[in-house]
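Line by line, the protein sequences give chains A and B.
With the UniProt record's numbering as the guide, the letters of the first sequence map in order to residues 1 to 355.
With the UniProt record's numbering as the guide, the letters of the second sequence map in order to residues 1 to 355.
What follows is a set of notes on a single structure, which appears directly below.
2 protein chains.
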Amino acid sequence: MKSDTGIPDSLGEWLKDQPSDDIVISSRIRLARNLSEFNFPNRSSGPELEEVKNILFSVLDNWQKQDGEKNLLHFDMEKLDELEREVLIERHLISRALAENPAGSSTYIDKAQSLSLMVNEEDHLRMQFIKTGAGLEKAWEEADDFDDFLEEKLDYAFSSRLGYLTACPTNLGTGLRASVMLHLPGLNMTDEIGRLLGGVGKFGFTVRGIFGEGTDSEGSIYQLSNQVTLGYREEDIIDNLYGILHRIREKEVKARKMLEEERSGDIKNKIMRAFGILRHSYKVNYLESIHFASLLLLGDYYQLFSEFDRDKLMELMILTRPAHLQLYSGDRNRTDRGDIRRAELIKESLSSFKI
Amino acid sequence: MKSDTGIPDSLGEWLKDQPSDDIVISSRIRLARNLSEFNFPNRSSGPELEEVKNILFSVLDNWQKQDGEKNLLHFDMEKLDELEREVLIERHLISRALAENPAGSSTYIDKAQSLSLMVNEEDHLRMQFIKTGAGLEKAWEEADDFDDFLEEKLDYAFSSRLGYLTACPTNLGTGLRASVMLHLPGLNMTDEIGRLLGGVGKFGFTVRGIFGEGTDSEGSIYQLSNQVTLGYREEDIIDNLYGILHRIREKEVKARKMLEEERSGDIKNKIMRAFGILRHSYKVNYLESIHFASLLLLGDYYQLFSEFDRDKLMELMILTRPAHLQLYSGDRNRTDRGDIRRAELIKESLSSFKI
Chain A
1 MKSDTGIPDS LGEWLKDQPS DDIVISSRIR LARNLSEFNF PNRSSGPELE EVKNILFSVL
61 DNWQKQDGEK NLLHFDMEKL DELEREVLIE RHLISRALAE NPAGSSTYID KAQSLSLMVN
121 EEDHLRMQFI KTGAGLEKAW EEADDFDDFL EEKLDYAFSS RLGYLTACPT NLGTGLRASV
181 MLHLPGLNMT DEIGRLLGGV GKFGFTVRGI FGEGTDSEGS IYQLSNQVTL GYREEDIIDN
241 LYGILHRIRE KEVKARKMLE EERSGDIKNK IMRAFGILRH SYKVNYLESI HFASLLLLGD
301 YYQLFSEFDR DKLMELMILT RPAHLQLYSG DRNRTDRGDI RRAELIKESL SSFKI
Chain B
1 MKSDTGIPDS LGEWLKDQPS DDIVISSRIR LARNLSEFNF PNRSSGPELE EVKNILFSVL
61 DNWQKQDGEK NLLHFDMEKL DELEREVLIE RHLISRALAE NPAGSSTYID KAQSLSLMVN
121 EEDHLRMQFI KTGAGLEKAW EEADDFDDFL EEKLDYAFSS RLGYLTACPT NLGTGLRASV
181 MLHLPGLNMT DEIGRLLGGV GKFGFTVRGI FGEGTDSEGS IYQLSNQVTL GYREEDIIDN
241 LYGILHRIRE KEVKARKMLE EERSGDIKNK IMRAFGILRH SYKVNYLESI HFASLLLLGD
301 YYQLFSEFDR DKLMELMILT RPAHLQLYSG DRNRTDRGDI RRAELIKESL SSFKI
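Here it is, written out as structure tokens:
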């Protein structure tokens, strides 16, 4: 297994081939698991954490050898510097909690960066499977197979009454968090998003903005996920989430249609200006870039562009994040020119786009 | 003399060859004169107004014959429709008061549209001479010569104590209004414009925003003119105005330098975005177009453009005015698509500009 060879330049495959006519950007399955013979990480000492790391390393190394294609990369979190850890957060591969408490923890990612494993974060093992678009079943299938493999080798902390035991009771039972990242510009522009955010709670789900607090998420990007992990089968959680997703999709499509019919000129203008600003700015801050990129995605949906490359735009939305800009700028120590570099990178990336 | 042949497509020559490194867009001399044997227009009956018109027509026809190059065009204001009158306002050739009360009045303009004569506006005759840049002396010279010619043929209402008599006492004496149109983005962006507007009053001058009320004129375009017409020689009024202008110019240059030194990135960003928006918008309203065009002028001053055509931009600022857009759209009756047509015209006109 390759260890600490540096973060790969390429980005996750889930950024590619996203459907331009759907609201779902990506799907994610996360499982929380613990080893029965060890304390939870927050109650562990250094040597105990080390032991957990070693056990998991050996099992994962074994898993990888069964399939040479996996190419797991292994990062000792303490050996990465702050900027590198931030880059992994920006790629959705690790949590901020892990980055801020790297002691005794490690991370594994596969070549496609669609699988990531955090060791000794809140739980001994957090596994995450990301897929492009509405790919929850596929992600669940892989997660389930992988979990079955591990369960044969490891002694999971499990109770016949409570299911899988986790450090935080909100993860008890299945240990499953299923989520989809959604692009909802229609509901945002028609101010219907607030009602949606309030409404899904009673079904045991939550919708939250990715960029910014409350309803007004920059770029209209939201995450829908299950709140309840206990008392349901995994498949039911996923089915229920799809049920909610189906209703959100209908509402979003309706909102986009309404915007097209009733505010066509204004929307077109917003989109074309967003393109003009991204193509010409001297400086762009990150939240602005998300805001304008979101309008470009909507422009693609409305087929306003004669040349458009969604994969490139989705990658750009990661590459223009602050830590990425800094790590790949060739001058890691300078943060002050970030907005200027972002503008340059955007301009270059969008040079093939045509409206 | 050509009468009612339609408004020429070409715009005034004062729009051309404006200095890009100065704050003065144009200079204007206006003289108010009345004929002694007739009531002021607001106290005249129809036949009396007609008589004044005829007298002036014959004198102006005579003047024109002395110099075939003048090519005076004559418009009976009642024969122009509302849109055509609005177009003359947008070109700064007639006043709104004249356009709104066209009965018994007429207008003469020369080929270059640097001379315009309003008959039976507030006074029997209002003469206006516009020159590009800081050309007040040249405008005054032409105005004075022209006025001398007319004075030989006409019996002006004149009092040895009060000077030229006018319908409104604010024009008594010289009947002279000297004004310069200024572009003051530096003073506007550094919020120093308010002090300037308040300060010139005590010298008998006034500065007012052209677009919008108060200090915050869209596009940072202001007019400096004399308030006092009585008790000074014409040359002194002009000299004093130049004195004020000189101080404003120094302040503006200082403000632009300060912006360049202390807020360079932000200013550059504003200018580049303005260009991006103008190059890509689907709709642009008139005040926005002035706002962004002003930023482009500032960009030219800072030499940010590799390709720039100031004459074209200045013409565009007239051609994109609402009545111009409507008259030249080929569909005079539609006003609703003005913002879209404006965006198209701007896009086309700026296609040769490069940043």
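For each residue, glycine too, the CB sits at the ideal point set by N, CA and C.
Distance cut-off 7 Å: residue i Cβ against heavy atoms of the ligand SAM
| i | result |
| --- | --- |
| N39 of chain B | The ligand SAM is not part of the structure shown, which contains no ligands of any sort. |
Other residues of its chain near residue i: CB distance less than 8 Å, five sequence neighbours each side excluded
| i | result |
| --- | --- |
| I244 of chain B | V200, F203, F205 and L224 |
| D147 of chain A | L31, R33 and M127 |
| L259 of chain B | G186, M189, T190 and I267 |
Span separating the alpha-carbon of residue i from that of residue j
| i | j | result |
| --- | --- | --- |
| L345 of chain A | T320 of chain A | 8 Å |
| A143 of chain B | F129 of chain B | 7 Å |
| D21 of chain A | E348 of chain A | 25 Å |
| K79 of chain A | P19 of chain A | 37 Å |
| E137 of chain B | I238 of chain B | 8 Å |
| L230 of chain A | M314 of chain A | 34 Å |
| residue 380 of chain B | L297 of chain A | Examination of residue 380 of chain B is not possible in this model, given that chain B is present from 1 through 355 alone. |
| Q66 of chain A | G46 of chain A | 31 Å |
| E13 of chain A | L316 of chain A | 14 Å |
| L11 of chain A | S114 of chain A | 10 Å |
| A112 of chain B | V119 of chain B | 19 Å |
| residue 357 of chain B | F38 of chain B | Summary: the structure shown does not reach residue 357 of chain B, with chain B confined to residues 1 through 355, and so no result is reported for it. |
| V253 of chain B | K270 of chain B | 19 Å |
| K257 of chain B | S281 of chain A | 22 Å |
| E50 of chain B | R85 of chain B | 20 Å |
| S159 of chain A | L172 of chain A | 10 Å |
| G209 of chain B | S264 of chain B | 26 Å |
| D236 of chain A | G163 of chain A | 15 Å |
| I23 of chain B | H246 of chain B | 10 Å |
| S352 of chain B | E121 of chain A | 57 Å |
| T170 of chain A | V228 of chain A | 7 Å |
| E48 of chain A | D81 of chain A | 23 Å |
| E262 of chain B | A255 of chain B | 10 Å |
| N240 of chain A | I25 of chain A | 19 Å |
| L150 of chain A | E141 of chain A | 14 Å |
| S95 of chain B | G276 of chain B | 35 Å |
Same chain only: Cβ atoms within 6 Å of residue i, ignoring 5 sequence neighbours per side
| i | result |
| --- | --- |
| S36 of chain A | D155 and A157 |
| L117 of chain A | Y108 and M127 |
| D17 of chain B | T132 |
| residue 356 of chain B | Nothing about residue 356 of chain B can be read from this structure; chain B reaches only from 1 to 355. |
| E288 of chain A | none |
Pair within 8 Å by beta-carbon distance, residue i and residue j
| i | j | result |
| --- | --- | --- |
| I29 of chain A | A139 of chain A | yes |
| L327 of chain B | L83 of chain B | yes |
| S217 of chain A | H183 of chain A | no |
| A134 of chain B | V87 of chain B | no |
| I109 of chain A | L93 of chain A | yes |
| D145 of chain A | F40 of chain A | no |
| L278 of chain B | L325 of chain B | no |
| F211 of chain A | I318 of chain A | no |
| E234 of chain A | T174 of chain A | yes |
| R177 of chain B | N226 of chain B | yes |
| L15 of chain B | D300 of chain B | no |
| G104 of chain A | K53 of chain A | yes |
| I248 of chain B | L196 of chain B | yes |
Own chain, CB closer than 7 Å to residue i, minus 5 neighbours either side, in chain order
| i | result |
| --- | --- |
| K354 of chain B | F305, S306 and E307 |
| S329 of chain A | R341 |
| E250 of chain A | none |
| L295 of chain B | K270, I271 and A274 |
| P322 of chain B | Y286 and G338 |
| A343 of chain A | S281, Y282, K283 and V284 |
| R91 of chain A | L11, G12, Q113 and I318 |
| F292 of chain B | A274, I277 and L278 |
Runs of beta strand (DSSP E) lying entirely within the stretch 58-140 of chain B, each at least 3 residues, in chain order: Runs of the beta strand (DSSP E) inside the stretch 58-140 of chain B: 73-76, 106-109, 115-119 and 125-132.
Within the stretch 178-234 of chain B, ranges of the alpha helix (DSSP H) (whole runs, at least 4 residues): Qualifying alpha helix (DSSP H) stretches, in chain order: 185-189 and 193-199.
Touch test, the stretch 297-309 of chain A against the stretch 53-64 of chain A, Cβ-Cβ under 8 Å, three pairs minimum: With a cut-off of 8 Å, the stretch 53-64 of chain A and the stretch 297-309 of chain A do not count as touching, because too few Cβ pairs lie within range.
Every unbroken beta strand (DSSP E) within the stretch 312-346 of chain A, with a cutoff of 3 residues, ordered by chain: Counting only runs of 3+ residues, no beta strand (DSSP E) is found wholly inside the stretch 312-346 of chain A.
Continuous alpha helix (DSSP H) assignments of at least 4 residues falling wholly in the stretch 277-314 of chain B: The qualifying runs are 286-301.
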